[in-house]
Amino acid sequence: MTITLEAKNLSRQFGPNFAVKDVSFNLEQGEVLGFLGPNGAGKSTTMRMLTGNLAPSEGVVKIGPYDILEEPKQAKSLIGYLPEVRPLYKELTVDEFLTIAARFHNVGSKNLKQAVDSAKDRCGLMHMSKRLIENLSNGYQQRVGIAQAIIHSPEIVILDEPTVGLDPIQIREIRKLIKEIGKNHSVILSTHILPEVEMVCDRVQIINQGSLVFHGSIDELKQQRIGNKLQVGLSKAPTLKELSSIDFINKVEKIENNLYRFHFKKIVDAEKLAALCFKNKWGLYHIAPDVTSLEDIFAQLTMLGN
Amino acid sequence: MIFNIVRKELKSIFASPMGWIILALLMFGFGTQYLSGMDNYFQVMSGAIRPAERVGVTIFVGGQIYGNAAFLMSFAIPILTMKLISEERRGMTLPFLFSAPMSISEIVIGKFLGLLIFLGILVVYIFLMLSTMNIWADIDFGYLLANSFGLILLISSFVALGTFFSSLTSQPIISAVLSFIALIALMMAGRYYASAPDHWFNHISLLKHYQSFSKGIIDSADIVYFLLFTLTFLLLTIRRLDSDRLRG
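As you go down the protein sequences, you meet chains R and P in turn.
Those letters in the first sequence? Residues 27 to 332, by my numbering.
Those letters in the second sequence? Residues 7 to 254, by my numbering.
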């Protein structure tokens, strides 16, 4: 896999405060990287630095072979960027705006029409060509924003909170669109919505208070959710003390009536537990992995930093 | 690359009613003056008995129009320049420009040239309008060309200054008011020390340097003054936008 974007020890100070502190990561070709964090964690600041809109206090950003500070033009021509607030000239029509965007990104006049058409096609804007951007709905304006970011078929597409402020149907459509874009481009996507990352991204990075607190594949994130716990329902349960004294069990918590959370000492062995319940006639009626919600993991990870 | 910014600026000026209205109002203003200038010419000249009081129709009508153009522009240009950067800042559209493979200098110069070309329409219009006098009179084209050249230089200084004030704030109105005040102050500068014509204060007056053009004189000192003025404010604008990127 070739690395298309590389951030090394990226820091950004505003006065004495660090908005982003020592963040390093790579983006590989053809992957969708989710950038997850609560509001004010430094997601947007990082993205502004990646796209050359903000100079980092320290650190290096490399887009392909080019350093964004040393060779900004070459580096920027490889990126398509949709900031948090969509930069749209509302007095123009969709076609006019996209033509300007294409020209700005050095799309030759021969390919201009084709570039505009294909961007519109991919973002489902074909029937909106002659409409003023001002008069489009929120969701369609967002599509124009995305179309402007992919108009020059950049290697990397950077989208800052692309689904914020949209209704559920629009969100679903935009996510589909992002997945589609992810097939041909490398994508960095920031969001504070966890399911979004799970649905759209290959890899995830959690940032909190300016530092990366987790990075790994989506599967790793999911694994963290399961852990070594089981949820067990026993209709004729013995006392908690008796349950806790089982040799392979570390701890038992009562969740509610007849529902218990078993913490295993090492690995989860549901079979062994079920056999034991059966032998002692505890009335086993429910056994399930005890899934920590992503929100909990998120909270755990971000709390660690505090 | 600069050309693309120029095109975008022209497109957005003409996409909003503002550009058309200002163009129409100014043309109406110049047209009325032309008309009344022609009317007055014969009245005034028939009253002027001594030969020294007699002037050609080009200077009589043209001088009035070019003189007033400076003042009309000082009203119109701040309204146009406030759109250049201030409005982009308020609409959060600057990242669109900054993320494109263009340098900040290209963006600023492109915006400046875009507006200059737009206002150039007016200069050409005034020139053509005054040229129509040639149908029945023998007019002094050299005088018109010198004035047009001076007006272009004056406009470019106005636009550069307006662009700079536009880059300072995200409130378009504030930038318009600030640049209007600055322009008026710079135009009037010559009046404060009218009794001492060689005082340095007189030399920074925009109007004083414009006046020699209105006599039909093309003085390199005036050209250099206007070019330096324009360059200074464009550089300040570039610095200001660059520091946005550095300071955030």
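Note that beta-carbon positions come from the ideal geometry of N, C-alpha and C, so glycine has one too.
All values derive from a computational prediction rather than experimental measurement.
In this structure, residue 129 of chain P sits near residue 154 of chain P, with a CB-CB distance shorter than 8 Å. Bounds of any beta strand (DSSP E) do not take in residue 231 of chain P; it lies within the alpha helix (DSSP H) bounded by 226–253. Chain-ordered, the chain P residues with CB closer than 8 Å to the CB of residue 107 of chain R read 101 and 105. Looking at P:196, P:206 and P:202, the one whose alpha-carbon comes closest to that of residue 212 of chain P is P:196. Shown here, residue 287 of chain R sits in a strand according to DSSP, grouped into three states. Straight-line spacing of the CA atoms in residue 139 of chain P and residue 221 of chain P works out to 19 Å. Taken in chain order, the members of the region 60–86 of chain R whose beta-carbon sits within less than 9 Å of a beta-carbon on chain P are 71, 74, 77, 78, 79, 80 and 81.
When the five nearest sequence neighbours on each side are left out, the beta carbons in the same chain lying within less than 7 Å of the beta carbon of residue 309 of chain R are those of 260, 261 and 262, in order along the chain.
Residues of chain R with a Cβ closer than 9 Å to the Cβ of residue 98 of chain P are, in chain order, 109, 110, 111, 112 and 113. With contacts defined as CB atoms closer than 8 Å, residue 218 of chain R and residue 180 of chain R fail to qualify as a contacting pair. Taking a Cβ-Cβ cut-off of 8 Å, the neighbours of residue 22 of chain P in chain R comprise 117, given in sequence order.
Interface with chain R (8 Å Cβ-Cβ cutoff): residue 108 of chain P is included. Per DSSP, the unbroken beta strand (DSSP E) holding residue 241 of chain R starts and ends at 237–243. The beta carbons of residue 168 of chain R and residue 112 of chain R sit about 7 Å from each other, so the pair counts as a contact at 8 Å.
Within chain R, no C-beta atom comes less than 7 Å from the C-beta of residue 42 of chain P; the nearest is roughly 36 Å away.
A buried status is given to residue 127 of chain R, since no fewer than 16 other beta-carbon atoms sit within 10 Å of its beta-carbon. For the 8 Å CB-CB criterion, residue 46 of chain R and residue 71 of chain R form a contact. In chain order, 84, 85 and 88 place their CB closer than 6 Å to the CB of residue 182 of chain P, counting only its own chain and leaving out the 5 sequence neighbours on each side. At a cut-off of 8 Å between beta carbons, residue 129 of chain R contacts chain P. Interface criterion met: the Cβ of residue 102 of chain R is under 8 Å from a Cβ in chain P.
Residues of chain P with a Cβ closer than 8 Å to the Cβ of residue 246 of chain R do not exist; the shortest Cβ-Cβ separation is about 32 Å. Rounded to the nearest whole angstrom, the CA to CA distance from residue 107 of chain R to residue 176 of chain P is 22 Å. Taking the beta carbon of residue 18 of chain P as reference, the chain R residues within 8 Å of it are 115, 117 and 118, listed in sequence order.
For the set R:69, R:177, R:268 and R:131, the Cα lying nearest the Cα of residue 237 of chain R is the one of R:69. Partner residues in the beta bridge of residue 282 of chain R, as assigned by DSSP, are R:285. Proximity to residue 29 of chain R across R:53, R:39 and R:48 peaks at R:53, based on C-alpha coordinates. Interface annotation, residue 10 of chain P: in contact with chain R, CB-CB separation under 8 Å. DSSP, reduced to helix, strand and coil, places residue 160 of chain R within a helical segment of the structure shown. Residue pairing for residue 314 of chain R: DSSP places it in a beta bridge opposite R:257. When C-alpha distances from residue 96 of chain R are compared across R:81, R:246, R:62 and R:105, the shortest belongs to R:81.
When secondary structure is reduced to three states using DSSP, residue 276 of chain R falls in the strand class. In the structure shown, residue 37 of chain R falls within a strand segment according to DSSP collapsed to helix, strand and coil.
For the pair residue 51 of chain R and residue 196 of chain R, the CB atoms are not nearer than the 8 Å cut-off.
Leaving aside the five residues that flank residue 224 of chain P on each side, the residues in its chain whose CB is nearer than 7 Å to its CB run, in chain order, 152 and 155. For residue 122 of chain R, the residues of chain P that pass the 7 Å Cβ criterion are 17, in the order they occur in the chain. Closest option to residue 234 of chain P, judged by alpha-carbon separation, among P:204, P:185, P:31 and P:160: P:160.
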